[in-house]
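Read through the structure below, which is laid out as structure tokens, and then see the notes.
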Amino acid sequence: MNSTAHNAPILPNIASPADVRTLSREQLGQLAEELRAFILNSVAQTGGHLSSNLGTVELTIALHHVFNTPDDKIVWDVGHQSYGHKIITGRREQMAHLRQIDGISGFPKRAESEYDTFGTGHSSTSISAALGMAVAARELKQPQRQHIAVIGDGALTGGMAFEAMNNAGVTEGINLLVILNDNDMSISPPVGALNRHLAKIMSGRLVSGAREKLKQVLQGAPGVLEFARRFEEHTKGMFVPATMFEAFGLNYIGPIDGHDLDSLIPTLNNIKQLGGVQFLHVVTKKGNGYPYAEQDPISYHGPAKFDPSLGIVRIETPDAPVKQTFTQVFGRWICDMAEADDQLIGITPAMREGSGLVEFEAKFPTRYFDVGIAEQHAATFAAGIACDGMKPVLAIYSTFMQRAYDQIIHDIALQNLDVTFAVDRAGLVGADGATHAGAYDVAYMRCIPNIMIATPSDEAECRVLLNSAYAYNGPAAVRYPRGSGVGALVSDELTPLPLGKANVVRRSTKTEQATAILAFGTLLHHAHPAAEATDATLVDMRWVKPLDEALLHELMKTHTQIVTIEDSCIAGGAGSAVAEWCAANGYAPKFLHLGLPDAFIDQGDVNLIYQRLGLDAESVASKVRQFVA
């Protein structure tokens, strides 16, 4: 790249990190300003994660400036803070189609770019992945290759991160840098200046070399060596925050200001020269540089389209009926049930806003528990609560529930403990794509003994089935999608439905060789036109487990063709449950199973994806007509 004069636009000339490495320190500062402005304006047009990306602009630039990417490997934990990384690695023009169908992912994706070294979407994975890469480099005789795991303070609460650090600290002959992106605190200028100076010193060759030479000299005097080690630790502790990371065998450096390139770049250069296993603590501010996001980083975590000059504007339309989201239905239900039952305990793994628990926390602060990004702990914690007769409700996203699978089986289901799972984001999630799709919960739960699984078709049934799951004395899950349904009127009742009882929406006029459409969840409404067009019986099954066996026996007497439809994977899903039941009971109807295919489904508008998958109303009607012809 040609040299760029100061104040001339720099970002349009950045085609790859190699271009970033040619820039002067002054130009890097200007690039940071341009990159931050580009991210803000881009996300305002497409929607997406904003606060986290504004907070990592300088860190992203510094990493690509200092390290020789893609030969050096950067792993972004969770990954929703990787927009700046995507922009300076050749995908600036593609940002116009961020999180859209056939566009680029909102998370790192190996198939998308050689700079995306590891596909992330769930938290706490970066250190394990980077450590694996570092070991591979050692075995492949690539001693110079650097491996950087960028992990947030929230993701660091996940147990997997500590498992990885425990392993890293005893792994020899590797280059691994763990960067803690701490955006939950701020550094005042005096402290920041002091820590900048100390970080440079602690990461420098002089101190590191002196430390190693001292070890060699004192090797024959263990007592003196231990005294020297302790003296060093206590000396560091006078100036930098006490840390447990040294106990894992990681050399702790920091904290430093993550928005100060004059601190970041020399510190990273020093660490690069050191090699080995290092831990750098950087402090950043979510939403940095955009006042609206700085003041309210939660609202700007993942906003829809908005005007950057105005920020997010909430339009009040009192005269127009507003559909409740399924999440809002749950949020209202748990507050109402907690009023009626003082044994209810609400639990979330760091998803208070996303799971609809803000009001619950305000009303019942002593009965609300946010356990952090720790899904495994959340499940076993709920199990422990249930052991003493309390009634835990675990609000969790379908995709994150996968991480607690062993705990659900061993700690909850095996002991038949009374835990209610409110499984949000079931089915397709749209813009977040494959990493966040709730496609597998039916398949991975229905094989577990003792667990009951409900699939409400609309908002009203969501509340009623939450009542039913909560009343069941054992583990029960209610799965519901992101966003709104058909706008069904939700009652205030807390009365449960009978367990496993389905609802016949329409009956065929045929007395023999009829077709029945068995719908699980919200795709019931996509199937309704097909039922009308083919004179098929349409059933809202409500439950995957248990099935309404009495109704199925009745249907099998006159129905020879069965269509199942669900917003979960076909393999092992609700349709499979029906087919298994028919085989076990000696029925052999002709089957058509409609649902999510055996493939990972990328980001995009949910309605467009349903069309592509043949699960929109028109496609379903066409498929059913062909099936019954």
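If you're matching positions, the sequence shown starts at 10 in our numbering and goes up one per residue. All C-beta atoms, glycine included, are put in the ideal place defined by N, C-alpha and C.
(request) Would you list the one or two residues that DSSP bridges to Pro-401? (result) Start at 1 with the first residue of the sequence shown, and residue 401 comes out as number 392. Bridge partners of Pro-401: Ile-354.
(message) Taking 8 Å as the threshold (C-beta atoms), are Leu-186 and Leu-270 in contact?
(response) Here residue 270 corresponds to residue number 261 of the sequence shown, with the count starting at 1. Here residue 186 corresponds to residue number 177 of the sequence shown, with the count starting at 1. Against a cut-off of 8 Å, the Cβ pair of Leu-186 and Leu-270 comes out as no contact.
(message) Can you list, in chain order, the residues of its chain with a C-beta nearer than 8 Å to that of Val-322? Leave out the 5 residues immediately preceding and following it.
(response) Taking the sequence shown and counting its residues from 1, one reaches residue 322 at position 313. Only Phe-315, Asp-316 meet the Cβ criterion.
(message) Going by DSSP, what residue range makes up the beta strand (DSSP E) through Leu-506?
(response) The count along the sequence shown starts at 1 and reaches residue 506 at position 497. Per DSSP, Leu-506 belongs to no beta strand (DSSP E) and is neither H nor E.
(request) From the DSSP output, read off the bridge partner residues of Val-629. (result) Here residue 629 refers to the residue found at position 620 when the sequence shown is read from its first residue. Beta-bridge pairing links Val-629 to no other residue.
(message) According to DSSP, simplified to helix, strand and coil, what is Lys-95?
(response) What you label residue 95 is simply residue 86 of the sequence shown in a count that begins at 1. Correct three-state label for Lys-95: helix.
(message) Going by DSSP in three states, Ala-463 sits in which element: helix, strand or coil?
(response) For the purposes of this step, residue 463 is taken as residue 454 along the sequence shown, with counting starting at 1. Look at Ala-463 here: in three-state DSSP terms it is strand.
(request) Report the residue from Leu-474, Leu-437, Gln-612, Gly-163 whose alpha carbon sits nearest the alpha carbon of Val-499. (result) To locate residue 499, count along the sequence shown from 1; it is residue 490. Val-499 has its Cα closest to that of Leu-474, out of Leu-474, Leu-437, Gln-612, Gly-163.
(message) Which residue marks the beginning of the beta strand (DSSP E) containing Phe-609, and which one marks its end?
(response) One-based indexing of the sequence shown puts residue 609 at position 600. Where Phe-609 is concerned, there is no enclosing beta strand (DSSP E), given that its DSSP letter is neither H nor E.
(request) Compute the Euclidean distance between the alpha carbons of Val-286 and Thr-180, then round it to the nearest angstrom. (result) Your numbering for residue 286 matches position 277 in the sequence shown. Your numbering for residue 180 matches position 171 in the sequence shown. Rounded to the nearest angstrom, the gap between the Cα atoms of Val-286 and Thr-180 is 9 Å.
(request) Determine the burial state of Pro-199: buried for a count of at least 16 other Cβ atoms within 10 Å of its Cβ, exposed for fewer. (result) The residue labelled residue 199 in the question sits at position 190 within the sequence shown. Any reading at Pro-199 must be qualified, since the residue scores a pLDDT of 45, below 50, and its modelled position is unreliable; the value itself is stated next. By the Cβ neighbour-count rule, Pro-199 is exposed, with fewer than 16 other Cβ atoms within 10 Å of its own.
(request) Rounded to whole angstroms, what's the CA-CA distance from Thr-78 to Pro-117? Just pull it up for me. (result) In the sequence shown, counting from the first residue as 1, residue 78 sits at position 69. In the sequence shown, counting from the first residue as 1, residue 117 sits at position 108. So the alpha carbons of these two residues sit roughly 15 Å apart.
(message) Please classify Ser-577 as buried or exposed, where buried requires at least 16 neighbouring CB atoms within 10 angstroms.
(response) What you label residue 577 is simply residue 568 of the sequence shown in a count that begins at 1. With 16 or more other Cβ atoms within 10 Å, it is buried.
(request) Kindly indicate which three-state DSSP category Pro-199 falls into: helix, strand or coil? (result) Reading the sequence shown from its first residue, position 190 is the one you call residue 199. At Pro-199, the pLDDT of 45 sits below 50, so the modelled position is not reliable and the matter cannot be decided from this model.
(message) Let me confirm a value: Lys-150 is counted as buried when at least 16 other C-beta atoms fall within 10 Å, else exposed. Which label applies?
(response) The residue you call residue 150 lines up with position 141 of the sequence shown. Exposed, since its Cβ has fewer than 16 Cβ neighbours within 10 Å.
(message) Distance check for Val-402 and Thr-504, CA to CA, integer angstroms please.
(response) Within the sequence shown, numbered from 1, the residue matching residue 504 stands at position 495. Within the sequence shown, numbered from 1, the residue matching residue 402 stands at position 393. Going from the Cα of Thr-504 to the Cα of Val-402 covers about 17 Å.
(message) Looking only at its chain, what residues have a beta carbon closer than 7 Å to the beta carbon of Gly-125, apart from the 5 residues adjacent to it on each side?
(response) The sequence position of residue 125 within the sequence shown is 116, counting from 1. The sequence given here places Asp at residue 125; Gly does not occur at that position. Answer for Asp-125: Pro-117, Lys-118, Arg-119, listed in chain order.
(request) Specify the secondary structure class of His-290 as computed by DSSP and reduced to three states. (result) Counting from 1 along the sequence shown, the entry for residue 290 is found at position 281. Three-state DSSP puts His-290 in a strand.
(request) From the DSSP output, read off the bridge partner residues of Thr-180. (result) The residue given as residue 180 occupies position 171 in the sequence shown. Looking at the DSSP assignment, Thr-180 forms no beta bridge with any residue, so it has no partner.
(request) Please report how far the alpha carbon of Leu-319 lies from the alpha carbon of Tyr-299, in whole angstroms. (result) Position 310 of the sequence shown holds residue 319. Position 290 of the sequence shown holds residue 299. So the alpha carbons of these two residues sit roughly 11 Å apart.
(request) Could you pull the start and end residues of the alpha helix (DSSP H) that Asn-616 belongs to? (result) Numbered from 1 along the sequence shown, position 607 holds the residue referred to as residue 616. Where Asn-616 is concerned, the enclosing alpha helix (DSSP H) stretches over 615-622.
(message) Helix, strand or coil for Asp-345? Go by DSSP, reduced to three states.
(response) By one-based count along the sequence shown, residue 345 stands at place 336. Helix.
(request) Report yes if the C-beta distance between Asp-433 and Ala-413 is below 8 Å; otherwise report no. (result) Stepping through the sequence shown from its first residue, residue 433 is reached at position 424. Stepping through the sequence shown from its first residue, residue 413 is reached at position 404. The answer is no: Cβ separation not under 8 Å.
(request) Keeping to the same chain, check which residues put their C-beta closer than 6 Å to that of Ile-354; ignore five residues upstream and five downstream. (result) For the purposes of this step, residue 354 is taken as the residue at position 345 of the sequence shown. Result list for Ile-354: Arg-376, Ile-394, Met-399, Pro-401, in chain order.
(message) Determine whether the beta carbon atoms of Val-428 and Ala-463 lie at a separation below 8 Å.
(response) The residue you call residue 428 lines up with position 419 of the sequence shown. The residue you call residue 463 lines up with position 454 of the sequence shown. Result no, Cβ atoms of Val-428 and Ala-463 do not sit closer than 8 Å.
(message) Since Val-144 and His-74 should fall inside the 8 Å C-beta cutoff, what is the C-beta to C-beta distance between them, to a whole number of angstroms?
(response) Within the sequence shown, the letter at position 135 stands for residue 144. Within the sequence shown, the letter at position 65 stands for residue 74. Rounded, the Cβ-Cβ distance is 26 Å, inconsistent with contact.
(request) Return the chain-ordered list of same chain residues with a C-beta closer than 6 Å to the C-beta of Ile-574, the five sequence neighbours on each side being excluded. (result) As a working note, residue 574 is residue 565 in the sequence shown. Cβ neighbours of Ile-574 within its own chain (closer than 6 Å, five residues either side excluded): Ala-528, Leu-532, Ala-536, Leu-603.
(message) If I follow the unbroken alpha helix (DSSP H) through Phe-409, where does it start and stop?
(response) Here residue 409 refers to the residue found at position 400 when the sequence shown is read from its first residue. Counting along the chain, the alpha helix (DSSP H) containing Phe-409 begins and ends at 407-410.
(message) Quick test of the definition: if touching needs 3 or more C-beta pairs under 8 Å, does the region 127-143 touch the region 53-62?
(response) no
(request) Just mark Asn-175 as buried or exposed, buried being the case when its beta carbon has 16 or more other beta carbons within 10 Å. (result) For the purposes of this step, residue 175 is taken as the residue at position 166 of the sequence shown. Under this definition Asn-175 is an exposed residue.
(message) Bridge partners for Phe-600 per DSSP, in chain order?
(response) As a working mapping, residue 600 is identified with position 591 in the sequence shown. Per DSSP, Ile-571.
(request) Find the nearest neighbour of Ala-302 within the set Ala-480, Gly-38, Gly-161, Gly-64, judged by alpha-carbon distance. (result) Counting from 1 along the sequence shown, the entry for residue 302 is found at position 293. Of the listed residues, the one whose Cα sits closest to Ala-302 is Gly-64.
(request) Give the straight-line distance between the Cα atoms of Met-550 and Ala-371, rounded to the nearest whole angstrom. (result) Taking the sequence shown and counting its residues from 1, the one referred to as residue 550 is at position 541. Taking the sequence shown and counting its residues from 1, the one referred to as residue 371 is at position 362. Answer to the nearest angstrom: the Cα atoms are 36 Å apart.
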